[in-house]
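A.B. asks: Under UniProt numbering, the residue at position 115 of the sequence shown is numbered 115, and the numbers go up by one with no gaps. We put the beta carbon where it would ideally sit given N, CA and C, even for glycine. Right, I'll just put the structure down here and ask away after.
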Amino acid sequence: MDEHGRRRFLKTASVGMTAAIAGCGSAEDAPAQSSTEDQVTVTVVLNPDRDALQMRRQELVEEVEAGNVTQSEAAEQFSEERSELLAETATNAQESLESGGAEIEDVDEEALVMRATGNPATLVSVLTEDYISAISEASDYDEFSETPEGGDANATDTGAVEDGAGE
């Protein structure tokens, strides 16, 4: 867990440094309106409520153990609820970014990433939102979309629901 947090910090810091080098912190006179020259494209890493997912998974395991639902019903229900939570997380992040003037180019809810273009200060400011865990290079979007993020692999595995009861 410490390694994951450290990587997240380093990626975030590198984006901040890139923004600073790009002139976001420049003391020179800046135009009143943002121009396309002030825009950067980044990958925004989403952060669904993992505690809620884990709690719901545990509830479903208990339901299976009690015989109230079958393993397949529990797995299907968990998958549906997980998809709803991921969609809600993506919507919240998209609304937050767009309200700051950023443009969303691509969204991959399953991989928990979106590609956004906007003012660097606006993009960095969304890191205070609970549903955004990191900002990284634009090229990371394709990499994250091809393979699920390591931290979310457990949330996609419905095996924990199925392992909870023996038939």
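Determine the direct distance from the alpha carbon of Ser139 to that of Glu146, and round the result to whole angstroms.
C.D. replies: Whole-angstrom Cα-Cα distance: 12 Å.
A.B. asks: Rounded to whole angstroms, what is the Cα-Cα separation between Glu81 and Glu73?
C.D. replies: Roughly 12 Å separates the two Cα atoms.
A.B. asks: Does the beta-carbon distance from Val42 to Phe144 come in below 9 Å?
C.D. replies: Not in contact: Val42 and Phe144 (Cβ atoms no closer than 9 Å).
A.B. asks: Given that a residue counts as buried once 16 or more other Cβ atoms are within 10 Å of its Cβ, and exposed if not, what is Gly101?
C.D. replies: Classification of Gly101: exposed, given that the 10 Å Cβ count is below 16.
A.B. asks: So Ile132 and Asn68 are supposed to be a Cβ contact under 8 Å. How far apart are they, rounded?
C.D. replies: About 36 Å; that fails the 8 Å criterion.
A.B. asks: Run through DSSP, which three-state label would Asp152 get?
C.D. replies: Per-residue confidence for Asp152 stands at a pLDDT of 44, beneath the threshold of 50, marking its modelled position as unreliable; the derived number appears in the next sentence. Residue state, collapsed to three classes: helix.
A.B. asks: Using only CA atoms, which one of Ala116, Phe78, Glu110 lies nearest to Val64?
C.D. replies: Ranking the options by Cα distance to Val64, first place goes to Phe78.
A.B. asks: So if DSSP puts Met114 in a beta bridge, which residue, or which two residues, is it bridged to?
C.D. replies: DSSP output for Met114 lists Val44, Val107 as bridge partner(s).
A.B. asks: Could you check if Thr128 is buried or exposed, using at least 16 other CB atoms within 10 Å of its CB as the buried criterion?
C.D. replies: Per the 10 Å Cβ criterion, exposed.
A.B. asks: By DSSP's criteria, Ala134 is part of a beta bridge. Which residues make up the other side?
C.D. replies: Val45, per the DSSP bridge assignment.
A.B. asks: Mapping the DSSP letters down to three states, classify Ser145 as helix, strand or coil.
C.D. replies: Residue state, collapsed to three classes: helix.
A.B. asks: Starting from Ser139, trace the alpha helix (DSSP H) in both directions and tell me its first and last residue.
C.D. replies: Run containing Ser139: none; DSSP gives neither H nor E here.
A.B. asks: Leaving out five residues on either side along the sequence, give the residues of the same chain with a beta carbon under 7 Å from the beta carbon of Glu39.
C.D. replies: The identity of residue 39 in the sequence shown is Gln, whereas the question assumes Glu. Answer for Gln39: Thr117, Gly118, Asn119, listed in chain order.
A.B. asks: Quick one: Cα of Asp51 to Cα of Ala111, how far?
C.D. replies: Cα-Cα distance, rounded: 18 Å.
A.B. asks: With distances taken Cα to Cα, identify the nearest neighbour of Ile104 among Leu123, Arg57, Leu86.
C.D. replies: It is Leu123 whose Cα lies nearest to the Cα of Ile104.
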